[in-house]
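Visitor:
Numbering (the numbering used here), first residue to last: 135 to 510.
#1: By how many angstroms is the C-alpha of residue 484 removed from the C-alpha of residue 198?
#2: Can you find the residues in the same chain that come closer than 8 Å, C-beta to C-beta, to residue 353, ignoring five residues on each side of it along the sequence?
#3: Who are the near neighbours of residue 234 in its chain, counting only those whose CB is closer than 8 Å to its CB and skipping five residues on each side?
#4: For residue 226 versus residue 369, is the C-beta spacing smaller than 8 Å?
#5: Please go through the segment 486-510 and give each complete beta strand (DSSP E) segment of 3 or more residues, from N-terminal end onward.
#6: How long is the line joining the alpha carbons of residue 309 and residue 411, rounded to whole angstroms?
#7: Would residue 459 and residue 479 qualify as a contact pair, given that the criterion is a beta-carbon distance under 8 Å?
#8: Residues bridged to residue 212 by DSSP?
#9: Note down, in chain order, each residue of its chain lying with its Cβ closer than 6 Å to the Cβ of residue 256, except the 5 sequence neighbours on either side.
#10: Note down, in chain order, each residue of its chain lying with its Cβ closer than 7 Å to the Cβ of residue 204, except the 5 sequence neighbours on either side.
#11: Please give me, in chain order, every unbroken run of the beta strand (DSSP E) with length at least 3 that falls completely inside the segment 414-501.
#12: Among 312, 342, 340 and 347, which one has its Cα closest to the Cα of residue 219?
#13: With burial defined as no fewer than 16 other Cβ atoms inside 10 Å of the residue's Cβ, what is the status of residue 467: buried or exposed?
#14: Out of 408, 324 and 490, which one is the CA nearest neighbour of residue 339?
#15: Quick check: the Cα distance between residue 318 and residue 243, rounded to an integer number of angstroms?
#16: Tell me residue 224's beta-bridge partners as DSSP assigns them.
#17: Using the C-alpha atoms, what's the distance from residue 302 back to residue 509?
#18: In the DSSP assignment, find the alpha helix (DSSP H) that holds residue 287 and state where it starts and stops.
#19: Going by CA-CA distance only, name the one from 344, 247, 240 and 327 that's closest to residue 314.
#20: For residue 255, write down the residues that DSSP places opposite it in a beta bridge.
#21: In angstroms with no decimal places, state the Cα-to-Cα distance between residue 415 and residue 267.
#22: Can you list, in chain order, the residues of its chain with a C-beta nearer than 7 Å to that of residue 420? Leave out the 5 residues immediately preceding and following it.
#23: Taking residue 474 as the reference, give the member of 304, 279, 289 and 372 with the closest Cα.
#24: Quick one: what does DSSP say residue 386 is sitting in, helix, strand or coil?
#25: For residue 311, does the three-state DSSP call read helix, strand or coil?
#26: According to DSSP, is residue 334 helix, strand or coil?
#27: May I ask which residues mark the beginning and end of the beta strand (DSSP E) holding residue 381?
#28: Less than 8 Å between the C-beta atoms of residue 501 and residue 442, yes or no?
#29: Please state whether DSSP places residue 328 in a helix, a strand or coil.
#30: Figure out for me which residue from 405, 367 and 379 has the closest Cα to the Cα of residue 351.
#31: Quick one: measure Cβ to Cβ for residue 407 and residue 377, integer angstroms, because I've assumed they're closer than 8 Å.
#32: Check residue 368 in the structure and name its three-state DSSP category.
#33: According to DSSP, simplified to helix, strand and coil, what is residue 374?
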């Protein structure tokens, strides 16, 4: 599934016209520091939906993605796609995708934070762009590249932010609430986006954040008009009245009908969209097909689902909010960090993998979000 798709993607890049298949295979192995394993569950499949649910019938299956060389893995759950009423006001259709069964944990996120960028970058530059850059290891491994390295990259037409990682955090950004099995928090929207790029490189599968429409479709799990949990919200969500003033370990409440945990509560989740209050008025078509409002401004970015700090009413598939400069109010820098918030102890994210993987460089790059310096 994935290596064939990645091979097609790599072969489509014009830099690769002179690169042999053997070198491309070496890229898959070397840049991923191992061989990724996808374990498919034989019993957990996408729900087979009745005609009036708006859900497509697919043969997608759940699988476990292992991050090579780390001993860490995460489960991906099929979301078959279909049509629903977005916010009860506009028909939306989304294509099938897989979504991580729970929010990204510190266990996974810290792999990204602690990544050795030297080898990863050298392999990418050599294989993607046919350029061997001989430079001081510390300079290449640094999250912030030196001007000398940037000049070499510019001369070779290599984007400087193909892959990077967060700068050191401001102390314990878990707030002392725990890290092992707990959702990662306090990262910026750009950092969450860059995590998905890193994950793509490590696994060979294309990962990204969900759009608002995809997120809500996954949250509703078959309810096409309004959303009402089949049981008490306490059975599905950690919120202000049951969380004991802390986030909790992922997947300790009941999942929704798709098998997704913590879509409501625990931590709110970034989506890929710019946040607009008039979202519905901006939608085109009836139904609107796979809408996405690509971010062009730093704030606000769309966040969904409510958190452990919110009321039970906010633990809802309809709950929306936008990110805020206030989430960095304790950051003394100017410009402020591109990677970390200091006051967003209630925000994390999860990842999706579209069933229809990008098959060209322009399509792949169309999902990239540019960094924006924060002077707020």
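We treat Cβ as the ideally placed atom computed from N, Cα and C, and that holds for glycine.
Guide: Reading from the atomic positions:
#1: In the chain shown, residue 198 corresponds to position 64, counting from 1. In the chain shown, residue 484 corresponds to position 350, counting from 1. Cα-Cα distance, rounded: 15 Å.
#2: Sequence index remark: in the chain shown, residue 353 carries index 219 (1-based). Once the five neighbours on either side are set aside, the close Cβ partners of residue 353 are 361, 390, 394, 397, 398, 438, 439 and 451.
#3: In the chain shown, residue 234 corresponds to position 100, counting from 1. So the qualifying residues of the chain are 208, 209, 210, 211, 484, 485 and 486.
#4: Locating residue 226 in the chain shown gives position 92, where the first residue counts as 1. Locating residue 369 in the chain shown gives position 235, where the first residue counts as 1. Between residue 226 and residue 369, the gap from beta carbon to beta carbon reaches 8 Å or more.
#5: Listed in chain order, the beta strand (DSSP E) elements of length 3 or more contained wholly in the segment 486-510 are 486-488.
#6: As a working mapping, residue 309 is identified with position 175 in the chain shown. As a working mapping, residue 411 is identified with position 277 in the chain shown. For residue 309 and residue 411, the distance between alpha carbons rounds to 31 Å.
#7: Residue 459 sits at position 325 when you count from the first residue of the chain shown. Residue 479 sits at position 345 when you count from the first residue of the chain shown. Cβ atoms of residue 459 and residue 479: not closer than 8 Å.
#8: Reading the chain shown from its first residue, position 78 is the one you call residue 212. For residue 212, the pairing in a beta bridge is given by DSSP as 232.
#9: Locating residue 256 in the chain shown gives position 122, counting from the first residue. Leaving aside the five residues that flank residue 256 on each side, none in its chain has a CB nearer than 6 Å to its CB.
#10: Residue numbering aside, residue 204 sits at position 70 when the chain shown is read from its first letter. Correct list, in chain order: 245.
#11: 435-438, 454-456 and 486-488, all fully within the segment 414-501.
#12: Translated into the one-based positions of the chain shown, residue 219 becomes position 85. Here the closest residue by C-alpha is 347.
#13: Along the chain shown, one-based indexing puts residue 467 at 333. By the 10 Å Cβ count, residue 467 comes out exposed.
#14: The residue given as residue 339 occupies position 205 in the chain shown. The shortest C-alpha to C-alpha distance from residue 339 to any of 408, 324 and 490 is the one to 490.
#15: For this step, residue 318 is matched to residue 184 along the chain shown. For this step, residue 243 is matched to residue 109 along the chain shown. Their Cα atoms are separated by approximately 7 Å.
#16: Numbered from 1 along the chain shown, position 90 holds the residue referred to as residue 224. Under DSSP, residue 224 shares a beta bridge with 220.
#17: As a working mapping, residue 509 is identified with position 375 in the chain shown. As a working mapping, residue 302 is identified with position 168 in the chain shown. C-alpha separation (whole angstroms): 19 Å.
#18: Translated into positions along the chain shown, residue 287 becomes position 153. Per DSSP, residue 287 belongs to the alpha helix (DSSP H) from 281-289.
#19: For the purposes of this step, residue 314 is identified with residue 180 of the chain shown, where counting begins at 1. Among 344, 247, 240 and 327, the Cα nearest to that of residue 314 belongs to 240.
#20: Against the chain shown, residue 255 aligns to sequence position 121. Partner(s): none; residue 255 has no beta bridge.
#21: What you label residue 415 is simply residue 281 of the chain shown in a count that begins at 1. What you label residue 267 is simply residue 133 of the chain shown in a count that begins at 1. Taking the straight line joining both Cα atoms gives about 49 Å.
#22: The count along the chain shown starts at 1 and reaches residue 420 at position 286. 225, listed in sequence order.
#23: Here residue 474 refers to the residue found at position 340 of the chain shown. Ranking 304, 279, 289 and 372 by CA distance to the CA of residue 474 puts 304 first.
#24: Mapped onto the chain shown, residue 386 falls at position 252. In this structure, residue 386 counts as coil in the three-state DSSP scheme.
#25: Within the chain shown, the letter at position 177 stands for residue 311. Coil.
#26: Position 200 of the chain shown, counted from the first residue, corresponds to residue 334. The three-state secondary structure of residue 334, taken from DSSP, is helix.
#27: Taking the chain shown and counting its residues from 1, one reaches residue 381 at position 247. Looking at the DSSP string, residue 381 is not in any beta strand (DSSP E), and its letter there is neither H nor E.
#28: Looking up residue 501 in the chain shown gives position 367. Looking up residue 442 in the chain shown gives position 308. No; because the gap between Cβ atoms is not below 8 Å, this pair is not in contact.
#29: On the chain shown, residue 328 is found 194 positions in, with the first residue counted as 1. It is helical.
#30: Here residue 351 corresponds to residue number 217 of the chain shown, with the count starting at 1. Answer by Cα proximity: 405.
#31: The residue given as residue 407 occupies position 273 in the chain shown. The residue given as residue 377 occupies position 243 in the chain shown. Actually they are not in contact, since the Cβ atoms of residue 407 and residue 377 sit about 27 Å apart, beyond 8 Å.
#32: Residue 368 sits at position 234 when you count from the first residue of the chain shown. Helix.
#33: Taking the first residue of the chain shown as 1, we reach residue 374 at position 240. Taken through DSSP and simplified to helix, strand or coil, residue 374 comes out as coil.
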